[in-house]
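Chemist: Submitted below is the structure of interest, expressed as structure tokens.
In the working numbering, the protein residues as written are 44 to 551.
Here it is in structure tokens:
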């Protein structure tokens, strides 16, 4: 991608010219409050109710579930907000700015896993959008689109999958300007419909049963609930906060970037988590149904007059989240150094989503098992990388947010910084070795540091190892960088520093 000097206009939309280069100050626009609708529309989804059910299913009571979920959301979303500050300070997407910390080539390791994480989310979202659309058609026109048991036909599901994928890719390929406009209207629409949905669902909560259950989780279980909430929402966004903030003016107050990012993510999911927890506590059968089919189990509670329009809104909200994610995943591919265009990255993403959706729809035995196991496994790497990047923000600020540090080694950057990479590798091994998975395929790559007895412990099943890995990575990097004051500079890096003045405008 090339540097563009054209300022966004209100005229005809154009495919975004900026890739992983620093957005020039002349192209900066907007205010931090504009970040709220982007994150809000991404997260105001019926899936947020299922998150509350999942946290409750760990064995917590209703009030423990609500407190653990909200605390987990606020902590993880606040971290996303802090990392988003790097966007306006440098004009770079987050996975390019992490080159400051890991080096140009060293950054490819965390970027690859961040890309995998993003694609996993997109597979989940587009799959849910497809099955929701197919379920709607099966209910409205059963003779054409439903099987004898009422479930949608394979052709109906595939048709909706192709349509969902095409719509997502069409908007994502245009880039930042169109996304910011589209997401604002989607936020208003989904927010309004969600309010109506909440009022219609409230009668299904048996208030006389809320809080009656005698079971109560331990402190470790509560921490596990907070960790689950973090992996379901905030940690998955750590590597993308700056992608939507980088067009803001460089001197945008950090506090406002943090506030609007945190609020946009945490507010809708916290409200929906409370609703989901109350439903699960008063309706035990709902938890089991949500594990298999999180959306249909909830929309079945709605009257038909609202079921149809709300199903359409659900599909729109899921695709909205997929659009922003596909945009960021395209930037991730460019950050990996792939010499391809935005259109090419879109095609690559579509292919991967196709294979992933096939697994989720036709191979996986349980949506919840696969979803939870994937989130925990991938959060070990991207959570640890995010913790290291957060620590490195201190160093980056001292260096004046020098964007040449994100360049290739011959143009002012570094090949790799072994201090950050060592911390990430150790943290990844610790994290993967101390979590478990209920998905039989993912289970083969985790839990290798645990004994058979330890695998059944609450520490392992609640995947608290995710937080252990983050603390490990951030702690090791802080020790090496700020206590031992180790600054790794290879011979090629030294040479690149000498050539920096001669190559100030090299492409990233």
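Idealized CB from N, CA, C, for every residue including glycine.
1. Just verifying my parser: in three-state terms, what is the DSSP assignment at residue 127?
2. Can you find at least 3 beta carbon pairs, one from the stretch 287-307 and one from the stretch 65-81, that sit closer than 8 Å?
3. Considering just the uninterrupted stretch of the alpha helix (DSSP H) at residue 161, what are its terminal residues?
4. How should residue 259 be labelled, buried or exposed, when 16 other C-beta atoms within 10 angstroms of its C-beta is the threshold for buried?
5. When you compare each of 135, 136, 150 to residue 142 by their alpha carbons, which one comes out closest?
6. Sorted by chain position, which residues of the same chain lie with C-beta nearer than 6 Å to residue 378's C-beta, five sequence neighbours on each side aside?
7. Nearest to residue 439 by CA position, among 224, 490, 524, is which residue?
8. On the premise that residue 75 lies in contact with residue 299, defined as a C-beta separation below 8 Å, what is that separation, rounded to the nearest angstrom?
9. Here's a check: name, in chain order, each residue in its chain whose Cβ is nearer than 6 Å to the Cβ of residue 521, leaving out the five neighbours to either side.
10. When DSSP labels each residue in this structure, what does residue 483 get in the three-state scheme?
11. Can you give me the Cβ contacts of residue 117 inside the same chain, cut-off strictly under 6 Å, excluding the 5 residues immediately before and after it?
12. Taking residue 242 as the reference, give the member of 315, 93, 182, 86 with the closest Cα.
13. I need the boundaries of the alpha helix (DSSP H) containing residue 300, first residue and last residue.
14. In whole angstroms, what is the alpha-carbon distance linking residue 545 and residue 455?
15. Is it a yes or a no for the stretch 311-329 touching the stretch 91-111, going by three-plus beta-carbon pairs under 8 Å?
16. Taking only three categories from DSSP, how would you classify residue 521?
17. Just how far apart, CA to CA, sit residue 540 and residue 448?
18. List the endpoints of the continuous alpha helix (DSSP H) containing residue 461.
19. Please list the terminal residues of the continuous alpha helix (DSSP H) segment that includes residue 86.
20. For residue 189, name the three-state secondary structure that DSSP assigns.
21. Closer than 7 Å by C-beta to residue 512: which residues in its own chain qualify, once you throw out the five before and the five after it? Chain order, please.
Modeler: Taking the structure as given:
1. For the purposes of this step, residue 127 is taken as the residue at position 84 of the chain shown. Correct three-state label for residue 127: helix.
2. Judged by Cβ distances under 8 Å, the stretch 287-307 makes contact with the stretch 65-81, as three or more pairs qualify.
3. Translated into the one-based positions of the chain shown, residue 161 becomes position 118. For residue 161, the enclosing alpha helix (DSSP H) stretches over residues 151-183.
4. Position 216 of the chain shown, counted from the start, is the residue given in the question as residue 259. So residue 259 counts as exposed.
5. As a first step, residue 142 is located in the chain shown; it is residue number 99 there, counting from the start. Among 135, 136, 150, the Cα nearest to that of residue 142 is on 150.
6. Residue 378 sits at position 335 when you count from the first residue of the chain shown. Excluding residues up to 5 positions away in sequence, 63, 138, 139, 154 lie with their Cβ nearer than 6 Å to the Cβ of residue 378 in the same chain.
7. Position 396 of the chain shown, counting from 1, holds the residue named residue 439. Relative to the Cα of residue 439, the nearest Cα in the group 224, 490, 524 belongs to 524.
8. Indexing the chain shown from 1 puts residue 299 at position 256. Indexing the chain shown from 1 puts residue 75 at position 32. So it is a contact: roughly 4 Å between Cβ atoms.
9. The count along the chain shown starts at 1 and reaches residue 521 at position 478. Listed in chain order, the non-local C-beta contacts of residue 521 below 6 Å within the same chain comprise 434, local neighbours out to five positions each way being set aside.
10. Taking the chain shown and counting its residues from 1, the one referred to as residue 483 is at position 440. DSSP places residue 483 in coil when its eight states are reduced to three.
11. The residue labelled residue 117 in the question sits at position 74 within the chain shown. Cβ neighbours of residue 117 beyond the five flanking positions: 309.
12. Here residue 242 corresponds to residue number 199 of the chain shown, with the count starting at 1. Cα-wise, what sits closest to residue 242 is 315.
13. One-based indexing of the chain shown puts residue 300 at position 257. Counting along the chain, the unbroken alpha helix (DSSP H) around residue 300 starts and ends at 297-325.
14. Translated into positions along the chain shown, residue 545 becomes position 502. Translated into positions along the chain shown, residue 455 becomes position 412. Summary for residue 545: the model assigns pLDDT 48, below 50, so the residue's position carries little reliability; its value from the coordinates is reported in the next sentence. In a straight line, the C-alpha of residue 545 is about 9 Å away from that of residue 455.
15. Under the three-pair Cβ rule at 8 Å, the stretch 311-329 counts as touching the stretch 91-111.
16. Walking along the chain shown from the start, residue 521 turns up at place 478. Reduced to three states, the DSSP call for residue 521 is helix.
17. Counting from 1 along the chain shown, the entry for residue 540 is found at position 497. Counting from 1 along the chain shown, the entry for residue 448 is found at position 405. Confidence at residue 540 is low in this model, with a pLDDT of 48, below 50, so the placement of that residue should be treated as unreliable; the coordinate-derived value is given next. Residue 540 and residue 448: Cα-Cα distance of roughly 10 Å.
18. Translated into positions along the chain shown, residue 461 becomes position 418. Unbroken alpha helix (DSSP H) run through residue 461: 461-476.
19. By 1-based counting over the chain shown, the position of residue 86 is 43. Taken as a continuous stretch (DSSP letters only), the alpha helix (DSSP H) holding residue 86 covers 78-86.
20. As a position in the chain shown, residue 189 is number 146, starting the count at 1. When DSSP states are grouped into helix, strand and coil, residue 189 belongs to the strand group.
21. Position 469 of the chain shown, counting from 1, holds the residue named residue 512. If we look at residue 512 and ignore the five residues flanking it on each side, its Cβ neighbours are 423, 426, 427, 470, 471, 473, 474.
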